[in-house]
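Sequence positions in the sequence shown follow the working numbering and run 1 to 174.
This report refers to the structure that appears directly beneath it.
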Amino acid sequence: ILGQSLVDFQMPDLNMIAETTDETELSRLLQLVLGCAVSCDRKQYYIEHIMLLEESVQHVLMNAIQELMVKEIRKNNEEYSELGDQLKHALEELNRVVEAKEEIEHRCRELDLQISTLQDDKFGLIQETTRLNERLQQYENAEDAESIPRSRYKTLQERIQSQQEEIFKLETSN
């Protein structure tokens with residue numbers, strides 16, 4: 001009725017009113033007419049005329065209007081309740097997504113730090129290997145290679161091998 005929903009309102013059977021003057025159907029029709037009267041632009045005019053009627057008639061008309069309005073209020077409350085539930089679920093989902101995002105960002109920072117540390121380690125091992133290779137080259141190029149103690153030579157070669165294995169492990173872990 002003029003902006004109100006009549007989904008829960010059972011429409012009057014006009015044929016039954018015309019044929020048998022059914023009171024239930026007449027009261028439904030009266031409710032519809034009253035609902036239109038108090039919901040339209042000229043509602044003040046109609047309300048004033050209702051106030052001029054006998055008190056018992058006023059009481060019956062007011063009950064009919066209130067019954068119609070209570071149905072509308074119940075319907076609106078159900079819709080608001082449903083919207084509130086949907087909003088609550090949406091907010092809960094948003095909070096879960098924000099928490100997941102923060103966890104992922106934290107994990108990314110940890111992994112970035114780990115990568116940086118591994119790259120620093122790799123760089124240090126490459127420098128150490130280069131230094132050891134240079135020392136080895138010096139010993140190999142020395143005129144008197146026999147003067148270098150064999151054990152020292154072997155130790156240096158083992159360290160170079162170990163450093164190269166460590167570099168390989170770091171490269172494959174990235």
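From the three backbone atoms N, C-alpha and C, an ideal C-beta is built for every residue, glycine too.
Treat the numbers as computed from the prediction; the structure is a model and nothing was measured.
#1: By the DSSP assignment, the alpha helix (DSSP H) with Gln44 in it spans what residues?
#2: In the DSSP assignment, find the unbroken alpha helix (DSSP H) run with Met11 in it and report its ends.
#3: Excluding the five sequence neighbours on either side, which residues of its own chain have a C-beta within less than 7 angstroms of the C-beta of Leu132, listed in chain order?
#4: Please state if the CB of Ile167 and the CB of Ile126 are separated by a distance shorter than 8 angstroms.
#5: Is it right to say Gly35 is buried, meaning 16 or more other beta carbons lie within 10 angstroms of its own, or is it exposed?
#6: Return the CA-CA distance between Ala64 and Thr24, expressed in angstroms with no decimal places.
#7: Could you tell me the boundaries of the alpha helix (DSSP H) in which Thr172 lies?
#8: Under three-state DSSP, which class holds Asp121?
In this structure, then:
#1: 43 to 51
#2: Segment: none, Met11 is in no alpha helix (DSSP H) and carries neither H nor E.
#3: If we look at Leu132 and ignore the five residues flanking it on each side, its Cβ neighbours are Leu156, Arg159, Ile160, Gln163.
#4: yes
#5: buried
#6: Within the model, the alpha-carbon separation for Ala64 versus Thr24 is close to 12 angstroms.
#7: 150 to 173
#8: helix
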